[in-house]
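Take 0 as the starting number for the sequence shown in numbering that gives the first Met the number 0 and just add one per residue.
Glycine residues also receive a C-beta, built at the ideal position from the N, C-alpha and C atoms.
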Amino acid sequence: MAKEGLTRNDLGRETFIDRVWRWKEEYGSRIILQLKRLGASCDWSRTRFTLDSGLSQAVREVFVRLYEEGYIYRGDYIINWCPRCQTALSDIEVEHHTLNGHLYYIKYPLKLSTPHSPLPTLSVATTRPETMLGDTAVAINPNDGRFKALNSQVAILPILNRELPIIEDDFVDPEFGTGIVKVTPAHDPNDFEMGKRHYLQEINILNPDGTMNANAGPYENLDRFECRKRLLGDLEEGGYLEKTEDYLLSVGHCYRCQTIVEPYLSKQWFVAMKELAKPAIEAVREGRVRFIPNTWERTYFEWMENVKDWCISRQIWWGHRIPAWHCRNCGRINVSRKEVQVCECGSSNVDQDPDVLDTWFSSALWPFSTMGWPEATLDLKTFYPTSVLSTGFDIIYFWVARMIIMGLKFMNEVPFKEVYIHGLIRDADGQKMSKSRGNIIDPLVVINQYGADSLRFTLAILTLQGRDILLSEERISGYHHFCNKLWNAARFILMNIEGYLPKEDPSKSEPQLCDRWILSRLNQVIKSVTNNLERCNFSQAAQNLYEFIWHEYCDWYLELTKLQLYGSNESEKRATQERLIATFETILSLLHPFMPFITEELWSQLPGRKEESILMASNWPKVSESSIDRESIREMELIKEVVYHIRNIRGEMKVPPDKQPKALIKVPEGETLTLLEVHRGYITFLGRISELVCGPSITKPPSSAAAVIQEMELYLPLEGMIDIDRERERLEKELNEVEEEIKRTDLKLSNEDFRAKARIEVFEREKRKKDELNTKRLRLLENLRELAVG
0 MAKEGLTRND
10 LGRETFIDRV
20 WRWKEEYGSR
30 IILQLKRLGA
40 SCDWSRTRFT
50 LDSGLSQAVR
60 EVFVRLYEEG
70 YIYRGDYIIN
80 WCPRCQTALS
90 DIEVEHHTLN
100 GHLYYIKYPL
110 KLSTPHSPLP
120 TLSVATTRPE
130 TMLGDTAVAI
140 NPNDGRFKAL
150 NSQVAILPIL
160 NRELPIIEDD
170 FVDPEFGTGI
180 VKVTPAHDPN
190 DFEMGKRHYL
200 QEINILNPDG
210 TMNANAGPYE
220 NLDRFECRKR
230 LLGDLEEGGY
240 LEKTEDYLLS
250 VGHCYRCQTI
260 VEPYLSKQWF
270 VAMKELAKPA
280 IEAVREGRVR
290 FIPNTWERTY
300 FEWMENVKDW
310 CISRQIWWGH
320 RIPAWHCRNC
330 GRINVSRKEV
340 QVCECGSSNV
350 DQDPDVLDTW
360 FSSALWPFST
370 MGWPEATLDL
380 KTFYPTSVLS
390 TGFDIIYFWV
400 ARMIIMGLKF
410 MNEVPFKEVY
420 IHGLIRDADG
430 QKMSKSRGNI
440 IDPLVVINQY
450 GADSLRFTLA
460 ILTLQGRDIL
470 LSEERISGYH
480 HFCNKLWNAA
490 RFILMNIEGY
500 LPKEDPSKSE
510 PQLCDRWILS
520 RLNQVIKSVT
530 NNLERCNFSQ
540 AAQNLYEFIW
550 HEYCDWYLEL
560 TKLQLYGSNE
570 SEKRATQERL
580 IATFETILSL
590 LHPFMPFITE
600 ELWSQLPGRK
610 EESILMASNW
620 PKVSESSIDR
630 ESIREMELIK
640 EVVYHIRNIR
650 GEMKVPPDKQ
660 PKALIKVPEG
670 ETLTLLEVHR
680 GYITFLGRIS
690 ELVCGPSITK
700 PPSSAAAVIQ
710 EMELYLPLEG
720 MIDIDRERER
730 LEKELNEVEE
740 EIKRTDLKLS
750 NEDFRAKARI
760 EVFEREKRKK
770 DELNTKRLRL
780 LENLRELAVG
């Protein structure tokens, strides 16, 4: 419509609604497509839309019942008004931003000057001078002794020359401005309440589009901000503008279009919330509804215990039409479940209320309206209440609180037992994603490039409870490598079980240390992942799997199985094949909620699968406590630590892959020495060394690199393994480069301009870079010292 230069008024209500329906059919299906591509396992035959006929019936039923019980009423009230959208907004639909503004001090002449009140004018401070055109009083605090003599006198409104009574009211803050305030009941919620207490006139000075109306006198038809500008000029010219001060303002903006909203006197529909909120507060306090993390309960209570009446009418055309018909003859409002054609007075001159309901009104009924309520359906009996609601913190009051309120009111039971609060997805620098910033990540584009499993796993592992997700393509790409790792592991297993057929009589071969270790660690991971999922700690569950699969199963266990798979003992080979399949099946089951596509595919390729067998319908793995052998874990940790340091020295000193140095370990007599001797085969195989020599009397050979491991000293002789002079030159060159980079980073971090302008994330990134460079510098110096000993 914007491209066509059309507004909804150009089209008319029916044509506009028809266009919105067509837009919904086209773009609503995109959301379903995204969910399907992401692998959401929903029953797609149960899709619901808020304006489906069944839901519309539920909405109308709730409205009528609440109206009949006195909870819904219609009245004049100060509401938040968006001049661009030309609709009312509830308090939580208004986003407040801190802006630089001004505090204007304006002189209001007194009608009478007496010996007790010699001031010819009063100084009144305001941040919105244009609203003075709607002033109907001036107020002072009754306890402010400075202005006692002013009570019951009359001030004159500059420009319009309207007489304004001077009233006393406890709301006036003596510390604000001069302690004298203007009262504009039609354009400020606090002034509105003050006006009711003092029976003041309410003068609306604004048109719905934000321009000034006839009550603004000479400023009629001007935009509100242009009016402000001209009015200030006129006040200054007339000698009424005393002074202007800089002032920080908290300014409300429309959450849809970011237009500055106006407090606006209007006739609207409201739900009285205080009584309805009480059972919902108790439900959370008593633990019938639990927030995860529970810190959000405090936010919930703060909102609910200070709840205001809910403005539910919206001056737009798309939505559930308010089921109320106004009689043009007698003025009666007829609220009905069915269309009203004749008023109770007998007149057929009835018109349906033009407003629609706030979209959150129908959303509040979602848990039971989608199940056929108000009918007592089988679906309603089966699926209400549900177990867990997953949602964002920004709609705890918009949606969560109101669902609890409506569920208790109309179902006499909470709609869900737990509320899992996740963060918002932001870009890598913590910025909110928006088209204007150009930092939006399209899920379908990501899925096409990296696969749905990569995106799902990334989101899961970044979902720390209650914190926002900092998402980047680099992160997704990183976890795409994890998918590849899993695929390569499967390929290794399938290649090495070729020809294997599951038998009823499993191999009786004794498990090796690596088998006992991996089975122990796998059961620990089952326990950890299950517990974390039950606590909605998805990030930790995903991290557990990532670390175990990549850094234990693939990096260590699969490597060690080669000793049996490529050996000559058929019994050990068959036992290893069995264990590979069994452990990998369990891994796929644990990983399936995070990566449904790749795990389902790999599951189907394992031997012994029936054609109709699917991983999704398989049982969740159970922990076998008896299979957790802590001694095997301890022994493998020792082996891993020794091999890690051997590999680290090889990497740091650039020992070629085809070279196999000898390793010497100085270690006291005792259990550690015995374990090293027993598992010598693992260490030589994994560390790619020619020989392992251990004992208490080992001395460091010339030109050796060294590492300290617990009570041990590891030595790798490098003579003949590398060109020592050339390696020394390379290390010195790299050290110079690192030291230059440290200098550049120091200059950047000490630069005042950079410190003042850089975002905190960028500054912290540079600090981390410096720490990493210093660590690298120390490592290079240590390597040079090792080569200097000869």
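Between the alpha carbons of E731 and N647, how many angstroms are there, rounded?
Approximately 19 angstroms, taken between the alpha carbons.
Out of curiosity, what's the CA-to-CA distance linking P262 and E25?
Computed Cα separation, rounded: 36 angstroms.
Inspect the beta-carbon positions of I645 and G686 and report whether they are closer than 8 angstroms.
Against a cut-off of 8 angstroms, the Cβ pair of G686 and I645 comes out as a contact.
State the DSSP-derived secondary structure class of E739, mapped to helix, strand or coil.
If DSSP states are grouped into helix, strand and coil, E739 belongs with the helices.
In this structure, does DSSP put E417 in helix, strand or coil?
If DSSP states are grouped into helix, strand and coil, E417 belongs with the strands.
Considering only residues of the region 29–117, which uninterrupted alpha helix (DSSP H) runs meet the minimum length of 4 residues and lie entirely inside it, listed in chain order?
Counting whole runs of 4 or more residues, the region 29–117 contains the alpha helix (DSSP H) stretches 52–67.
Which same chain residues end up closer than 6 angstroms to R727 when comparing Cβ atoms and leaving out the 5 residues on each side of it in sequence?
Excluding residues within five positions, the ones whose Cβ falls inside 6 angstroms are L786.
May I ask you to list the residues that DSSP assigns as paired with V180?
Note: V180 sits in a beta bridge opposite A138.
Taking the beta strand (DSSP E) that D350 belongs to, which residues open and close that run?
Run containing D350: 349–351, per the beta strand (DSSP E) assignment.
Tell me where the alpha helix (DSSP H) around S368 begins and ends.
Element bounds for S368: 365–368.
Under the three-state reduction of DSSP, which class applies to E289: helix, strand or coil?
Strictly speaking, residue 289 in this sequence is Arg, with Glu absent from that position. Of the three classes helix, strand and coil, the one that applies to R289 here is strand, per DSSP.
Using DSSP bridges, identify the partner residues of A323.
DSSP, once it has assigned bridges, lists V334 as partnering A323.
Rounded C-beta distance between C693 and E676? I'm assuming under 8 angstroms.
6 angstroms between Cβ atoms; contact.
Please classify K769: does DSSP put it in a helix, a strand, or coil?
Helix, per DSSP.
Does DSSP put M711 in a helix, a strand or coil?
Residue state, collapsed to three classes: strand.
Run through DSSP, which three-state label would L159 get?
In the structure shown, L159 sits in coil (DSSP, three-state: anything other than H, G, I, E or B).
Among R725, S508, R59, which residue has its Cα nearest to the Cα of Q563?
Nearest C-alpha to Q563: S508.
Would G789 be called buried (16 or more neighbouring beta carbons within 10 Å of its own) or exposed?
Since pLDDT at G789 reaches only 48, below the 50 mark, its modelled position is unreliable, and no value is offered.
Would you call N150 buried or exposed, if buried means 16 or more other Cβ atoms sit within 10 Å of its Cβ?
N150 comes out exposed.
Please report the straight-line C-alpha distance between N735 and I741, rounded to a whole angstrom.
Spanning the two alpha carbons is a distance of roughly 10 angstroms.
My output table needs one value for D514: the three-state DSSP class, helix, strand or coil.
If DSSP states are grouped into helix, strand and coil, D514 belongs with the helices.
In whole angstroms, give me the CA-to-CA distance for R436 and H96.
Approximately 18 angstroms, taken between the alpha carbons.
Tell me, which residues are paired with P164 by DSSP?
DSSP output for P164 lists V153 as bridge partner(s).
Using only CA atoms, which one of R161, H186, H197 lies nearest to E167?
Among R161, H186, H197, the Cα nearest to that of E167 is on H197.
Counting beta carbon pairs with one atom in the region 481–490 and one in the region 448–458, are three or more of them shorter than 8 angstroms?
Yes, the region 448–458 is in contact with the region 481–490.
Quick one: residues in its chain with C-beta nearer than 6 angstroms to the C-beta of T183, no 5 flanking neighbours on either side, listed in chain order?
Here the set comprises T130, G133, D134, D190.
Can you tell me whether F175 is buried or exposed, with buried defined as 16 or more other CB within 10 angstroms of its CB?
Exposed is the call here.
How many Å lie between A57 and R474 at the Cα?
Spanning the two alpha carbons is a distance of roughly 44 angstroms.
Measure how close the beta-carbons of I179 and V123 come, nearest whole angstrom, since I'm counting them as under 8 angstroms.
Going by Cβ atoms, the distance from I179 to V123 rounds to 5 angstroms, so yes, they are a contact pair.
So, are the CB atoms of Y103 and T258 less than 8 angstroms apart?
No; because the gap between Cβ atoms is not below 8 angstroms, this pair is not in contact.
Take M211 and list the residues in its own chain whose beta-carbon comes closer than 7 angstroms to its own, dropping the five residues that flank it on each side.
Closer than 7 angstroms at the Cβ level, and outside the excluded window around M211, lie I204, L205, Y218, E219, N220, L221, R223, C226.
Going by the CB atoms, is the gap between D350 and G422 shorter than 8 angstroms?
Against a cut-off of 8 angstroms, the Cβ pair of D350 and G422 comes out as no contact.
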